[in-house]
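**Q** Quick one: structure below, then a few questions.
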C-alpha cells in the first residue's frame, strides 16, 4: 500500500503545475479587436500567467513595471521560490515545493508585441472583463508582490525570458495553492465565473476559460468572488 501511495503521489506531482516553464506547446489563439477591457492568460501546459496591458495599469499600481519603460504588455506568474527560478529543477525540489508550504516568487515578463505573438508555443486566451473587474485584477497582482518597506519589490534574480525577472511574492506555495490557483483567484477577483478547486492544473483552468474567451459574458460584480492570498 505504501508503494501504491508513492506511485499515486508521483503521478499527481507530474500532473500538477509546479510553476515550471517547459510545458507542451499549444496552438496560439487569435485576438479579436474590441474596445472592451480584456486580459490574457497564457498556459504552456503546466504553468499559467496573467497578462495585462501597460495602458490599463494605473500609475500607482505595480511599480515594478517601471523597470521596463518601453514594454506595452506585462505577464505575471506566481510560484515556488526554489522550484520556479531553477534552471534545472529536480524531483527533490518538486517534492519539497508540494509537501509543505514554501515561500513564493513573482515572475514578471515585459514585452511589446501581442501576447499571441510573444508566446508562439503556448496557448493564449483573450478574456473580456468589466472595467471594475480589470482594476480589481490589477490590485490583486499589485498585492502579490512582497515589498516590505520598499516602494518596489527588489528583484531576486533574472527571469526566464529576455526582459523578465523574479521578485519576492506574498503567499505560500503548496499542493493546493499553485501557480494556477493563483491565476484563478485573480480571475475570480475580476468577476470571471470559474472555480478555484478545479484550477490546480493548467489544463483544467484553461478548460474553464476557453468558453469565456469564445464569447461567454463575464459576471459584472467582482465583489461576488472571494479574494485572498494564503
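Numbering (the working numbering), first residue to last: 18 to 247.
Quick reminder that beta carbons are idealized off the backbone N, C-alpha and C, glycines included.
If you draw a straight line from the C-alpha of residue 46 to the C-alpha of residue 177, how long is it?
**A** Residue mapping note: residue 46 aligns to position 29 of the chain shown, counting from 1. Residue mapping note: residue 177 aligns to position 160 of the chain shown, counting from 1. Note on residue 46: pLDDT 41, under 50, position unreliable in the model; the coordinate value appears next. Whole-angstrom Cα-Cα distance: 22 Å.
**Q** Within this structure, are the beta carbons of residue 92 and residue 73 separated by less than 7 Å?
**A** Here residue 92 is taken as the residue at index 75 of the chain shown, counted from 1. Here residue 73 is taken as the residue at index 56 of the chain shown, counted from 1. Not in contact: residue 92 and residue 73 (Cβ atoms no closer than 7 Å).
**Q** Taking residue 123 as the reference, give the member of 189, 226, 70 and 55 with the closest Cα.
**A** Sequence index remark: in the chain shown, residue 123 carries index 106 (1-based). With distances taken between Cα atoms, residue 123 lies closest to 189.
**Q** Roughly how many whole angstroms lie between the Cα atoms of residue 194 and residue 118?
**A** If you number the chain shown from 1, residue 194 lands on position 177. If you number the chain shown from 1, residue 118 lands on position 101. Annotation: residue 194 to residue 118 spans about 9 Å, alpha carbon to alpha carbon.
**Q** Name the residue from 153, 144 and 64 whose alpha carbon lies nearest to the alpha carbon of residue 102.
**A** Counting from 1 along the chain shown, the entry for residue 102 is found at position 85. It is 64 whose Cα lies nearest to the Cα of residue 102.
**Q** Could you check where the alpha helix (DSSP H) with residue 82 kicks off and where it finishes?
**A** Taking the chain shown and counting its residues from 1, the one referred to as residue 82 is at position 65. Element bounds for residue 82: n/a, residue is neither H nor E.
**Q** Which first and last residues belong to the beta strand (DSSP E) in which residue 124 is found?
**A** As a first step, residue 124 is located in the chain shown; it is residue number 107 there, counting from the start. Under the DSSP assignment, residue 124 falls in the beta strand (DSSP E) whose first and last residues are 119-128.
**Q** Please state whether DSSP places residue 74 in a helix, a strand or coil.
**A** Taking the chain shown and counting its residues from 1, one reaches residue 74 at position 57. Three-state DSSP puts residue 74 in coil, outside helix and strand.
**Q** Taking three-plus beta-carbon pairs below 8 Å as touching, is the region 154-165 in contact with the region 127-137?
**A** no
**Q** Which same chain residues end up closer than 8 Å to residue 187 when comparing Cβ atoms and leaving out the 5 residues on each side of it in sequence?
**A** Your numbering for residue 187 matches position 170 in the chain shown. Excluding sequence neighbours, residue 187 sits near 121, 160, 161, 162, 163 and 246.
**Q** What alpha helix (DSSP H) runs, 4 residues minimum, are completely inside the region 195-226?
**A** 196-206
**Q** Do residue 141 and residue 57 come within 7 Å of each other at the CB atom, strictly closer than that value?
**A** Walking along the chain shown from the start, residue 57 turns up at place 40. Walking along the chain shown from the start, residue 141 turns up at place 124. Yes. Within cutoff.
**Q** Determine which residues share a DSSP beta bridge with residue 142 and list them.
**A** The residue you call residue 142 lines up with position 125 of the chain shown. According to DSSP, residue 142 bridges with 58.
**Q** Quick check on DSSP: helix, strand or coil for residue 153?
**A** Within the chain shown, numbered from 1, the residue matching residue 153 stands at position 136. Helix.
**Q** Would the beta-carbon of residue 3 fall within 7 Å of that of residue 68?
**A** Nothing about residue 3 can be read from this structure; the chain reaches only from 18 to 247.
**Q** Hey, could you find the ends of the alpha helix (DSSP H) residue 134 is sitting in?
**A** In the chain shown, the residue the question calls residue 134 occupies position 117. Residue 134 -> alpha helix (DSSP H) spans 132-135.
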